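A.B. asks: Before I ask anything, let me first share the structure, which is written out below as structure tokens.
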Amino acid sequence: MLRQPHDEGALDAEGAVLAFDDVSMRYGRAPETLKDLNFSLAPGSFHFLTGASGAGKSSLLKLIYLAAKPSKGLIHLFGQNVSAVPVKEQPMLRRRIGVVFQEFRLLDHMSAFDNVALPLRIAGRKPDSYRQDVAELLAWVGLRSRMHAMPATLAGGEKQRLAIARAVVNRPDILLADEPTGNVDHEMGLRILRLFVELNRLGTTVLIATHDQDLVARSGKPVLHLEEGRLTQLGPVGGGG
Amino acid sequence: MSDFDPGRWKPAAFLPEADARDGSLIFVVATLCFLACLTALTVLATDRAARGWSDQLTGQATVIVRAKGAETPDSAAARAAEALSGLPGVGEVRALEKEKAEALIAPWLGDIADLDDLPVPRLVAVDLDPKAPATPQSLDKALKAQGLDAVVDDHSIWLKDIQRAAGFARWVGVAVFALIAAAAGAVVAFATRAGLTARHEVVEVLHLAGAENDFIARLFQMRFARMAALAGLFGAGGAAIMGAILRLMGGGQGLTPVLPIVWTDLLAVLPCPVAAGLVAAVAARLTAQALIAKMT
């Protein structure tokens with residue numbers, strides 16, 4: 001939900017999986033990309049993040065998946081003040097966040113199966129404990145017949161679904177997606193949306209950055225809208241999806 | 242349908258296996274290891290040569306005898322040999338013939354046709370007991386007791402020079418060895434930096450998937466350690482072959498009279514692959530840790 005800066009209870013991140021309190025961000029000495037953001041996401045919620053190119057959508061996602069630091073304000077993730085989390089403990093937080101990147105970021109030297117298994121291997125799981133899960137997940141995203149394929153041989157939509165499978169394989173608490181339908185046709189976009197909704201039903205908090213107004217309209221999900229780095233509210237906003 | 246069987250799936254390596262730069266890196270590190278091993282063999286051979294020369298000089302003394310009055314040089318030399326024979330700590334004593342003595346001093350006198358007019362001293366070679374050698378003072382006392390005009394040379398001046406030269410050669414060898422190790426470390430650090438930069442995407446994906454910086458650094462550490470160990474094996478093998486050729490072609494007597502190599506010296510190259518791997522592991526880890534911290 002959106003909050004006014006410093007309003008009553010704004011600092012109380014209790015119950016939210018993510019809470020931004022008066023957060024600003026800048027790259028180096030450049031002007032602020034994000035300005036005074038105040039919002040929180042309830043567990044199991046589903047939001048779209050919209051805004052024009054350069055409005056700061058990707059930067060906001062970077063702050064959430066700990067790839068950037070705020071220049072001002074506090075970010076609470078799973079009830080923890082991110083700035084106070086020691087560097088050594090940050091990987092444990094990252095493992096609770098699944099990210100679907102706009103450019104997929106698949107590892108070209110690994111098969112589809114290996115790409116999806118990657119987060120589980122990093123988490124130290126033994127192959128026998130997840131082989132079947134990975135296979136089922138790939139089947140679920142429609143890549144049953146492409147498990148052994150290398151990313152370079154996959155079509156855009158297949159890569160997108162593979163990236164989604166990798167992002168959700170370890171059942172993250174938050175799923176972030178940056179323009180997940182940007183490289184696929186309308187039909188594929190809808191299929192991907194259905195995947196996200198399905199994941200959300202299973203309890204994952206979802207935040208999708210997109211330009212696709214049609215997708216947003218069809219979903220009926222609440223929207224966080226960014227304008228020149230400031231957050232405004234469009235559409236219905238609520239704790240649940 | 243895919244014929245992929247998840248039950249038989251084997252996890253792929255986290256980092257891409259092959260890289261066009263790997264061959265060049267292996268070649269450079271192998272060359273450095275080859276040079277390091279040759280340096281080690283040279284130091285061992287130099288040390289052995291110096292010890293051999295020291296042993297020879299320590300076990301001998303030379304007495305320079307000048308004839309007095311009407312006595313002939315041959316007679317003076319014979320008397321000196323007799324005076325020294327049987328002394329405690331003295332083994333064989335030989336008065337050198339006139340020709341040998343003249344041959345020894347010829348380099349200092351130049352091309353003189355007739356040395357007969359010169360009062361050329363005679364030399365007496367004394368072999369000393371290696372376990373309890375007679376002191377120069379005891380030899381001198383025995384010669385003086387016979388009224389001989391003689392000087393005892395126990396080679397101590399030469400001995401000190403040789404020991405100093407051998408020590409210097411050893412330290413130069415160690416310094417060259419350290420320099421080569423440092424160069425190998427720098428090459429690996431450079432290669433790690435290039436490897437990390439080239440695999441920036443992989444590092445970022447691993448990082449965002451929750452891999453700890455140490456985990457990623459360890460991947461690069463293992464990769465470069467393995468590569469350097471392989472290069473070390475090539476370098477050490479090359480140096481061992483070179484050492485074996487030198488030994489077969491003469492060793493201490495033939496091609497390398499001042500660098501006598503024995504077969505056991507070749508064992509000195511054995512630690513090279515391990516050492517190269519360790520140097521590479523440390524260099525890669527430190528570089529990777531610093532770069533990953535900056536990247537992420």
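The listed protein sequences correspond, in order, to chains A and B.
When we follow our numbering, the leftmost residue of the first sequence carries the number 1, and every step to the right adds one.
When we follow our numbering, the leftmost residue of the second sequence carries the number 242, and every step to the right adds one.
Note that the Cβ used here is the ideal one computed from N, Cα and C, for glycine as well.
What you are looking at is a predicted structure, and each value in this text was computed from that prediction instead of being measured.
(1) Residue 504 of chain B CB to nearest chain A CB: under 8 Å?
(2) Could you name the residues of the same chain whose beta carbon sits closer than 6 Å to that of residue 98 of chain A, not counting the 5 residues immediately before and after it, in chain order?
(3) For residue 542 of chain B, which of helix, strand or coil comes out of DSSP?
(4) Please identify, using Cβ separations under 9 Å, the residues of the region 431-449 of chain B that lie next to chain A, in order along the chain.
(5) Any Cβ of chain B within less than 8 Å of the Cβ of residue 25 of chain A?
(6) Name the chain B residues that come within less than 8 Å of residue 135 of chain A, Cβ to Cβ?
(7) Taking only beta-carbon positions, decide if residue 5 of chain A is within less than 8 Å of chain B.
(8) Secondary structure at residue 205 of chain A, three-state DSSP: helix, strand or coil?
(9) In this structure, what does DSSP give as the bridge partners for residue 76 of chain A?
(10) Please tell me whether residue 123 of chain A has its Cβ less than 8 Å away from any Cβ of chain B.
(11) Closer than 8 Å by C-beta to residue 389 of chain B: which residues in its own chain qualify, once you throw out the five before and the five after it? Chain order, please.
(12) Would a check of beta-carbon distances place residue 408 of chain B closer than 8 Å to chain A?
(13) Beta-carbon of residue 293 of chain B versus every beta-carbon of chain A: anything under 8 Å?
(14) Once you ignore the five residues that flank residue 377 of chain B on each side, which residues in its own chain have a CB closer than 6 Å to its CB?
(15) Which word fits residue 253 of chain A, buried or exposed, when buried means at least 16 other C-beta atoms lie within 10 angstroms of its C-beta?
(16) Let me see if you follow: with CB-CB separation under 8 Å, is residue 60 of chain A close to chain B or not?
(17) Is residue 523 of chain B helix, strand or coil by DSSP?
(18) Which residues of the region 257-269 of chain B have a Cβ closer than 7 Å to any Cβ of chain A? Give them in chain order.
(19) Decide if residue 241 of chain A is buried, meaning its Cβ has at least 16 other Cβ atoms within 10 Å, or exposed.
(20) Run the proximity test for residue 196 of chain A: is its beta-carbon closer than 7 Å to any non-hydrogen atom belonging to the ligand GDP?
(21) Name, please, each residue of chain A whose Cβ falls closer than 7 Å to the Cβ of residue 452 of chain B.
(22) Can you list, in chain order, the residues of its chain whose CB lies under 7 Å from that of residue 135 of chain A, leaving out five sequence neighbours each side?
(23) Rounded to the nearest angstrom, how far is the Cβ of residue 224 of chain A from that of residue 39 of chain A, given a contact under 8 Å?
(24) Classify residue 316 of chain B as helix, strand or coil using the three-state DSSP reduction.
(25) Among B/339, B/386, B/344, which residue has its Cα nearest to the Cα of residue 363 of chain B?
(26) Would you report the Cα separation of residue 381 of chain B and residue 328 of chain B, rounded to the nearest angstrom?
(27) Can you list, in chain order, the stretches of the beta strand (DSSP E) that have 3 or more residues and sit fully within the region 29-58 of chain A?
(28) As a quick exercise: from B/411, B/502, B/469, pick the residue whose alpha carbon is nearest that of residue 424 of chain B.
(29) May I ask which residues mark the beginning and end of the beta strand (DSSP E) holding residue 363 of chain B?
(30) Roughly how far, in whole angstroms, is the beta-carbon of residue 60 of chain A from the beta-carbon of residue 34 of chain A, given that I think they are within contact range, below 8 Å?
(31) Mind checking residue 87 of chain A: buried by the 16 CB within 10 Å criterion, or exposed?
(32) Return the first residue and the last residue of the beta strand (DSSP E) that residue 306 of chain B is part of.
(33) Please confirm whether residue 152 of chain A has its beta-carbon closer than 8 Å to some beta-carbon of chain B.
(34) Going residue by residue through the region 134-188 of chain A, where are the continuous beta strand (DSSP E) segments of at least 3 residues, counting only ones entirely within it?
(35) To which residues of the same chain is residue 111 of chain A closer than 8 Å at the C-beta, ignoring the five residues directly before and after it?
(36) For residue 219 of chain A, count neighbouring C-beta atoms within 10 Å of its own C-beta (all shown protein chains included) and say buried if the count is 16 or more, exposed if not.
C.D. replies: Taking the structure as given:
(1) no
(2) 167, 168, 172, 175
(3) The structure shown does not extend to residue 542 of chain B, since chain B spans only 242 to 537, so no value can be given for it.
(4) 442, 443, 445, 446, 447, 448, 449
(5) Cβ-Cβ to chain B under 8 Å: no for residue 25 of chain A.
(6) 247
(7) Bear in mind that a pLDDT of 38 at residue 5 of chain A, under 50, signals an unreliable position, so the number given afterwards is only what the model happens to contain. False, the Cβ-Cβ gap to chain B never drops below 8 Å.
(8) strand
(9) A/19, A/81
(10) yes
(11) Correct list, in chain order: 306, 309, 317, 320, 321, 324.
(12) no
(13) no
(14) Beyond the five residues adjoining it in sequence on each side, residue 377 of chain B comes within less than 6 Å, by CB distance, of 393, 395 in the same chain, given in chain order.
(15) Residue coverage of chain A in this structure runs from 1 to 241, which leaves residue 253 of chain A outside it and unanswerable.
(16) no
(17) The answer is helix: DSSP assigns residue 523 of chain B an H, G or I state.
(18) 257
(19) At residue 241 of chain A, the pLDDT of 40 sits below 50, so the modelled position is not reliable and the matter cannot be decided from this model.
(20) Questions concerning the ligand GDP fall outside what the structure shown contains, since it holds no ligand whatsoever.
(21) 91, 122
(22) 147
(23) 6 Å
(24) helix
(25) B/339
(26) 11 Å
(27) Assignment of beta strand (DSSP E) within the region 29-58 of chain A, counting only whole runs of 3 or more residues, yields 32-41, 46-51 in chain order.
(28) B/469
(29) 363-369
(30) 6 Å
(31) exposed
(32) 301-307
(33) For residue 152 of chain A, the answer is no, since every Cβ of chain B falls outside 8 Å of its Cβ.
(34) 174-178
(35) Cβ within range, chain order: 147, 148, 149, 150.
(36) buried
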